[in-house]
């Protein structure tokens, strides 16, 4: 029997390969204290960053360090790469998408240049937050993840 009242689940995949981290462990209090919303981070071990969800690119910051993705049901996420990387003014980021573009979970959003990050002493944390999501998100614990690996579902 079909359940017409069931909400659509949204699968969330790892945006990068690396070590899975809780936001509380980050050095930036805006993220570690949850001011931007619930979420998680990955200490990236490769330079490819992929979309964690299906949706469309709702914004790309001029400094290329962050972008927004919105699902068709209105859930927004922020993909923020690094801590204080706004100071790089776009250097070290190669954006592969455009505002308004549809993306599927696992599609490449950008690549980052580890040499530039290291030269400027910037951590390579890929931070995912859900600024407008009101329900509690139960995020499982992981050690290492691979980009595109399914992490959890949002209801």
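In our numbering, the protein residues as written are 2 to 156.
Note that beta-carbon positions come from the ideal geometry of N, C-alpha and C, so glycine has one too.
Three-state secondary structure (DSSP) at residue i?
i: residue 186; result: Here the chain comprises residues numbered 2 to 156, so residue 186 is not present and cannot be evaluated.
i: residue 98; result: coil
i: residue 28; result: coil
i: residue 77; result: strand
i: residue 143; result: coil
i: residue 22; result: strand
Would you say residue i and residue j are within 7 Å of each other, going by their C-beta atoms?
i: residue 79; j: residue 130; result: yes
i: residue 156; j: residue 10; result: yes
i: residue 113; j: residue 93; result: yes
i: residue 76; j: residue 134; result: yes
i: residue 59; j: residue 71; result: yes
On a CA-only basis, which of the options is nearest residue i? Give me that one, please.
i: residue 20; options: 136, 154, 126 and 141; result: 126
i: residue 81; options: 155, 156, 117 and 17; result: 17
i: residue 100; options: 65, 132 and 92; result: 65
i: residue 142; options: 23, 13 and 12; result: 23
i: residue 67; options: 74, 84, 153 and 122; result: 84
How should residue i be labelled, buried or exposed, when 16 other C-beta atoms within 10 angstroms of its C-beta is the threshold for buried?
i: residue 89; result: buried
i: residue 56; result: buried
i: residue 4; result: Unreliable placement is indicated for residue 4, whose pLDDT of 43 sits below 50; no coordinate value is reported for it.
i: residue 111; result: buried
i: residue 120; result: exposed
i: residue 35; result: exposed
i: residue 148; result: buried
i: residue 124; result: buried
i: residue 116; result: exposed
i: residue 27; result: buried
contact_flag[the stretch 37-50, the stretch 101-108] where n(CB pairs < 8 Å) is 3 or more:
no
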